[in-house]
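For the sequence shown, position 294 matches number 294 in UniProt numbering, and the numbering has no gaps at all.
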Amino acid sequence: MPPSLLEPEQSAFLLDRLLTLIITTSPTPSAPTTDLLSAVIASFHTHCTALLNCPVIVVFDTYDHVVEQARLKKGQVTPEGARVYDAYKENVKALVTREFLSQTLPSLPSLDWEVRRAEAEYGSPGGRSSGHSVDVNIHCTRDRRITFMEPEKRLGFGLAVRSALREADTPYVWIHQHDWALDSHIPIANLLDAMRASTSSTTAPIRYVCLPSPRTVEYEASMHVARFPVLRDLSAALTGRYPAPTTGEVVPLTPLYFWHDKPHVVERRHYLERVFPSQLAIGRGMFIEDSIGQRARNGMKEGQWARWACWLFAPGDGKQVCVRHLHGRVWKGEEDRRENEKKWDALKSGKLDKVASEELCQDEQERNA
Numbered sequence: 001m002p003p004s005l006l007e008p009e010q011s012a013f014l015l016d017r018l019l020t021l022i023i024t025t026s027p028t029p030s031a032p033t034t035d036l037l038s039a040v041i042a043s044f045h046t047h048c049t050a051l052l053n054c055p056v057i058v059v060f061d062t063y064d065h066v067v068e069q070a071r072l073k074k075g076q077v078t079p080e081g082a083r084v085y086d087a088y089k090e091n092v093k094a095l096v097t098r099e100f101l102s103q104t105l106p107s108l109p110s111l112d113w114e115v116r117r118a119e120a121e122y123g124s125p126g127g128r129s130s131g132h133s134v135d136v137n138i139h140c141t142r143d144r145r146i147t148f149m150e151p152e153k154r155l156g157f158g159l160a161v162r163s164a165l166r167e168a169d170t171p172y173v174w175i176h177q178h179d180w181a182l183d184s185h186i187p188i189a190n191l192l193d194a195m196r197a198s199t200s201s202t203t204a205p206i207r208y209v210c211l212p213s214p215r216t217v218e219y220e221a222s223m224h225v226a227r228f229p230v231l232r233d234l235s236a237a238l239t240g241r242y243p244a245p246t247t248g249e250v251v252p253l254t255p256l257y258f259w260h261d262k263p264h265v266v267e268r269r270h271y272l273e274r275v276f277p278s279q280l281a282i283g284r285g286m287f288i289e290d291s292i293g294q295r296a297r298n299g300m301k302e303g304q305w306a307r308w309a310c311w312l313f314a315p316g317d318g319k320q321v322c323v324r325h326l327h328g329r330v331w332k333g334e335e336d337r338r339e340n341e342k343k344w345d346a347l348k349s350g351k352l353d354k355v356a357s358e359e360l361c362q363d364e365q366e367r368n369a
């Protein structure tokens with residue numbers, strides 16, 4: 001009898017046939033160090049070790065303009081940010097190669113890299129003749145275990161994800177931005193098993209599963225659901241524990257009425273068909289949740305939830321947080337984060353002077369910008 005693609009969590013190396021991890025990164029204040037992404041990968045070690053055995057694709061998005069005041073979400077970096085970005089990319093490549101290959105090999109070999117190019121088209125059809133196309137340089141190991149993608153112009157999160165989806169060859173993908181860290185255990189084998197078991201369901205297909213952040217805990221009872229009878233009734237009917245037949249476990253899920261960019265696990269074909277049906281779907285520089293997310297929610301409020309099949313992983317009766325945001329646009333390292341925590345404690349106790357208080361509040365505004 002052939003082995004199952006899914007084994008219990010402790011021997012989940014066969015997940016590499018089912019799941020590809022896609023990490024998107026871009027200029028960050030902590031560059032050229034890899035402190036930010038190192039913190040993320042450390043959280044994989046702690047909360048989802050099996051993920052490190054899967055193929056990984058890293059997309060290095062770039063910037064549009066060099067300006068005095070960085071606005072990273074809009075692709076604008078300072079001269080220093082531009083100067084260190086190439087060094088940052090090389091440091092990340094070394095980090096990812098070391099972290100992901102060391103899980104399966106006793107020593108790191110001299111790798112044989114395959115080099116090629118792809119095209120990321122967008123906007124009105126026409127490809128190069130219309131100017132709506134970006135060349136993407138691809139370096140991958142021959143076994144496709146590690147892939148690095150470097151667009152020659154800024155893509156934005158949406159097109160970066162689409163480029164990686166086209167490169168992946170597993171039925172499921174895990175999308176992960178560079179500034180979200182896992183905060184609790186993710187039973188990925190069980191989750192994928194439940195998704196596969198639901199494939200033929202017409203009422204409760206599981207095609208997209210978002211990991212809960214502080215803003216999405218107790219989602220079923222939130223105003224995102226409660227104010228809309230259609231959504232409220234659907235949540236009451238479908239929230240529950242879904243079987244993972246191969247592993248013999250169950251997975252707690254509740255319907256989600258949005259397509260978030262934060263870490264999520266998705267059926268790859270569903271992603272391409274639903275979010276990227278044509279090159280007009282997402283423009284260059286755009287985020288998926290800012291456009292498709294809103295469109296999906298509007299459709300769900302009209303009874304089209306099954307078309308999107310979005311779920312929220314809901315451990316601990318929906319009260320458990322699984323990911324936390326490290327705020328990459330202002331992240332300056334773990335030491336800086338700890339120092340800020342001390343300042344907030346001092347502010348709350350009235351021990352921080354006025355100037356320091358104003359600076360701390362300004363930093364917080366930048367985090368939330």
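Heads up, the beta-carbon is just placed ideally off N, CA and C, and yes, glycines get one too.
Since the model is a prediction, treat every value here as computed from it, not as a measurement.
Asked	Found
For Pro243: DSSP bridge partner residues	Val250
Check whether Thr24 and Asp64 have beta carbons under 8 angstroms apart	no
One or two residues paired with Asp135 in a DSSP bridge	Glu119
Counted within 10 angstroms of its Cβ, other Cβ atoms place His45 as buried (16 or more) or exposed	exposed
Enclosing alpha helix (DSSP H) for Leu231 [first to last residue]	229-238
Among Asp143, Glu302, Gln177, Gln304, nearest to Thr28 - alpha-carbon criterion	Gln177
Cβ neighbours of Ala296 in the same chain (closer than 6 angstroms, five flanking residues each side left out)	Trp259, Trp308
Where Pro263 falls, given that 16 or more other Cβ within 10 Å makes a residue buried	buried
Selection from Asp179, Leu159, Asn190 that minimises the alpha carbon distance to Ala42	Asp179
Beta-carbon proximity of Val161 to Gly318, cut-off 8 angstroms	no
Unbroken beta strand (DSSP E) run spanning Trp259, endpoints	Looking at the DSSP string, Trp259 is not in any beta strand (DSSP E), and its letter there is neither H nor E.
Buried versus exposed, by CB contacts within 10 Å (16 or more), residue 385	Nothing about residue 385 can be reported from this structure: the residues present for the chain run from 1 to 369 only.
Three-state secondary structure (DSSP) of Ala306	helix
Ile288 and Ala164 closer than 8 angstroms at C-beta	no
Met300 - DSSP class collapsed to helix/strand/coil	helix
Contact check, Val96 vs Ala31, beta carbons under 8 angstroms	no
Strand pairing of Pro324, partner residues [DSSP]	First, the amino acid is wrong: residue 324 is Arg here, not Pro. Its beta-bridge partners are Ala181.
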